[in-house]
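Trainee: Attaching a single structure in structure tokens format; questions to follow.
Number of protein chains: 2
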Amino acid sequence: MGVELWREAELLAADAVGDVIEHWGFRKVLGRVWTVLYLSGETLSASELAERLSMSAGSASTTLTELQHWAVVRRVWKPGERKEFFEAETDFWKMISKVVAERERFVARSARDRLERAAELFARGRDAGSRERLERVQRLLAFTTAAEKVIDTFVASRRADFGAFGDLLALPRSLGTRLRRA
Amino acid sequence: MGVELWREAELLAADAVGDVIEHWGFRKVLGRVWTVLYLSGETLSASELAERLSMSAGSASTTLTELQHWAVVRRVWKPGERKEFFEAETDFWKMISKVVAERERFVARSARDRLERAAELFARGRDAGSRERLERVQRLLAFTTAAEKVIDTFVASRRADFGAFGDLLALPRSLGTRLRRA
DNA sequence: CAGACCGTTCAGAAAGTTCTGAAAGTTCGG
DNA sequence: CCGAACTTTCAGAACTTTCTGAACGGTCTG
């Protein structure tokens, strides 16, 4: 009877965390599963988790593998037990630095690659449009470089300073303004 | 003839930025439209943008309104012109602080509200499961409070320090360990 | 004040994502 | 090596998000 009460509360909390996690670009269930594990304070089996969150065995398997990949959940072997058990990681820094190091770095990198290809194409053009755009795409490139630097610093020191982005994107005064001054 | 060349490059760059922006939880088109505006360096009309990115007039309208909401694009009125024109915001800080202040704060807030309701429910339970879970959900609450503080500091100073999260979630030694010690 | 022009809205279409359930795969004890 | 216990994989279903295109409403011009 007491159990019904906290099961409801557990789902409420799990869903709240699920939303935050979804907002960070992951699936909601990832947050829900982690939360149920965290609140339980002990290890749980995949089937137990599937049952508590009414999800299929398949989904539980996929979700737990993914959580493990992000180092947010640990697989625990128990001697004598056929099933595998899982426990929540509680070191937030471990979790977030893995995500930032892997995922954010990847995004920044792939954006930079593509911007570089675009820059090359602009550089080939002889017309005014290409020349102007080349200059601006180079600003975007400087921006990705700065972003990569912030990511590295963050992973190393747990701090991020966005001051450097200040006016990286600002465009030089327009031709009209320049002429007026001269 | 020169134009064909840079139009392709422009789409490449726009799509690269689109991916980054999507990764941040917005629609890809938002990034694409901003990029075309940024690279062009001048104001463009909604129809011009729709044409360059092969999107419908409806989509262009919705997208531009949303970009404006995030203060990432400005609407510019030109005397004598029937259409409205748009230009890209280039002050990165303006853009990101608006997003963080509005969106991240909202997420943190709503997660906290729901965790508080869950805590109340756990507090009502008299059994051991509820008591243990109450303690842990309180750690999650402390976490959201810390997160809200980081957000405020970030908006005010352009810097974020995640050090405080360190061991906020860590659980006390388990019963077994405690007994072994005593 | 009729018609062209422009921006917005919204129902339904299209595209994209996530989940289920069943089948195949793996491991282990007997 | 058989069968039970458990996990993984994946095709298709269910759901969610995003886009299109047509209709509407406002505004300017001749």
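The listed protein sequences correspond, in order, to chains A and B.
My numbering puts the first sequence at residues 12 to 193.
My numbering puts the second sequence at residues 12 to 193.
Note that the Cβ used here is the ideal one computed from N, Cα and C, for glycine as well.
Quantities reported herein were computed from a predicted structural model and do not represent experimental measurements.
Is the beta carbon of Glu25 of chain A less than 8 Å from the beta carbon of Leu126 of chain B?
Mentor: One point to set straight first is that residue 25 of chain A is Ala, not Glu, in the sequence displayed. No, they are not a contact pair.
Trainee: Taking 8 Å as the threshold (beta carbon to beta carbon), is Glu143 of chain A in contact with chain B?
Mentor: Yes, Glu143 of chain A counts as interfacial toward chain B.
Trainee: Using CA atoms only, rank isn't needed, just tell me which of A:Asp163, A:Trp17, A:Trp88 is closest to Phe97 of chain A.
Mentor: Ranking A:Asp163, A:Trp17, A:Trp88 by Cα distance to Phe97 of chain A puts A:Trp88 first.
Trainee: Going along the chain, which residues of the segment 155–171 of chain B sit with their C-beta nearer than 7 Å to a C-beta in chain A?
Mentor: Residues Arg169, Arg170, Ala171.
Trainee: Go ahead and pull the three-state DSSP assignment for Val203 of chain B.
Mentor: Residue 203 of chain B lies beyond the range of chain B shown here (12 to 193); nothing can be said about it.
Trainee: Looking at the C-beta of Leu132 of chain B, does it have a partner C-beta in chain A at a distance below 8 Å?
Mentor: By this cut-off, Leu132 of chain B is an interface position.
Trainee: Since Phe96 of chain A sits in a beta bridge, which residues does DSSP pair it with?
Mentor: DSSP, once it has assigned bridges, lists A:Ser56, A:Val87 as partnering Phe96 of chain A.
Trainee: For Asp178 of chain A versus Arg169 of chain B, is the C-beta spacing smaller than 8 Å?
Mentor: The answer is no: Cβ separation not under 8 Å.
Trainee: Quick one: any contact between the segment 151–166 of chain B and the segment 118–134 of chain B, if contact means 3 or more CB pairs under 8 Å?
Mentor: Touching, yes.
Trainee: Within 10 angstroms of its Cβ, does Glu62 of chain B collect 16 or more other Cβ (buried), or is it exposed?
Mentor: When all chains shown are included, Glu62 of chain B counts as exposed.
Trainee: Can you tell which of A:Asp138, A:Glu146, A:Met106 has its C-alpha closest to the C-alpha of Glu77 of chain A?
Mentor: Per the Cα distances, A:Met106.
Trainee: Which of the three DSSP states, helix, strand or coil, is assigned to Ala82 of chain A?
Mentor: Here Ala82 of chain A sits in coil by DSSP.
Trainee: Between B:Thr73, B:Glu53, B:Ser58, which lies nearest to Arg38 of chain B when the distance is taken from Cα to Cα?
Mentor: Answer by Cα proximity: B:Thr73.
Trainee: Rounded to the nearest angstrom, what separates Trp17 of chain B and Ser141 of chain A at their Cα positions?
Mentor: Taking the straight line from one Cα to the other gives about 6 Å.
Trainee: Does DSSP put Arg170 of chain B in a helix, in a strand, or in coil?
Mentor: It is a strand residue.
Trainee: Taking 8 Å as the threshold (beta carbon to beta carbon), is Leu16 of chain B in contact with chain A?
Mentor: So, interface residue.
Trainee: Give the residues of chain A in contact with Arg147 of chain B, contact being defined as C-beta atoms less than 8 Å apart.
Mentor: What Arg147 of chain B touches in chain A: Tyr49, Leu50, Gly52.
Trainee: So, is the C-beta of Trp81 of chain B closer than 8 Å to a C-beta in chain A?
Mentor: No, Trp81 of chain B lies away from the interface with chain A (no Cβ there is under 8 Å from its Cβ).
Trainee: What is the C-beta distance between Leu48 of chain B and Ala99 of chain B, in whole angstroms, given that I count them as a contact (C-beta under 8 Å)?
Mentor: With 8 Å as the limit, Leu48 of chain B and Ala99 of chain B qualify as a contact, their Cβ atoms being about 4 Å apart.
Trainee: Between which two residues does the alpha helix (DSSP H) containing Trp35 of chain B stretch?
Mentor: Looking at the DSSP string, Trp35 of chain B is not in any alpha helix (DSSP H), and its letter there is neither H nor E.
Trainee: Are Lys94 of chain A and Ser56 of chain A touching if we call contact CB-CB under 8 Å?
Mentor: The answer is yes: Cβ separation under 8 Å.
Trainee: Return the CA-CA distance between Glu92 of chain B and Arg135 of chain A, expressed in angstroms with no decimal places.
Mentor: Rounded to whole angstroms, Glu92 of chain B to Arg135 of chain A spans 35 Å at the Cα level.
Trainee: Drop a sphere of 10 angstroms on the beta-carbon of Ala20 of chain A, count the other beta-carbons inside from all chains shown, and report buried for 16 or more, exposed for fewer.
Mentor: By the 10 Å Cβ count, Ala20 of chain A comes out buried.
Trainee: With a threshold of 8 Å between beta-carbons, can Thr76 of chain A be considered close to chain B, or not?
Mentor: No, Thr76 of chain A lies away from the interface with chain B (no Cβ there is under 8 Å from its Cβ).
Trainee: Would you verify that the beta carbon of Ala71 of chain B is, or is not, closer than 8 Å to some beta carbon of chain A?
Mentor: Chain A, which has no Cβ nearer than 8 Å to the Cβ of Ala71 of chain B, makes this no.
Trainee: Quick check on the DSSP output: the alpha helix (DSSP H) that includes Glu115 of chain B runs from which residue to which?
Mentor: Looking at the DSSP string, Glu115 of chain B is not in any alpha helix (DSSP H), and its letter there is neither H nor E.
Trainee: Using only the alpha-carbon positions, how far apart do Trp35 of chain B and Trp35 of chain A sit?
Mentor: So the alpha carbons of these two residues sit roughly 8 Å apart.
Trainee: Please list, in chain order, the chain B residues whose beta carbon lies closer than 9 Å to that of Leu23 of chain A.
Mentor: Within chain B, the residues near Leu23 of chain A are Arg125, Leu126, Arg128, Ala129, Leu132.
Trainee: Just the Cα atoms here: how many angstroms apart are Pro183 of chain B and Asp30 of chain B?
Mentor: Cα-Cα distance, rounded: 41 Å.
Trainee: I'd like to confirm something about Val47 of chain B: is its beta-carbon nearer than 7 Å to some heavy atom of the ligand MG, or not?
Mentor: No copy of the ligand MG appears in this structure; indeed no ligand is present at all.
Trainee: Compare the Cα-Cα distances from Glu131 of chain A to each of A:Leu152, A:Val166, A:Ala167 and report the closest residue.
Mentor: That would be A:Leu152, whose Cα lies nearest to the Cα of Glu131 of chain A.
Trainee: Quick test of your reading: Leu64 of chain A and Val84 of chain A, contact by CB under 8 Å. State the CB separation rounded to the nearest angstrom.
Mentor: Not quite, the Cβ-Cβ distance comes to about 14 Å (not below 8 Å), so this is no contact.
Trainee: Nearest-angstrom Cα distance between Ser67 of chain B and Ala129 of chain B?
Mentor: Spanning the two alpha carbons is a distance of roughly 45 Å.
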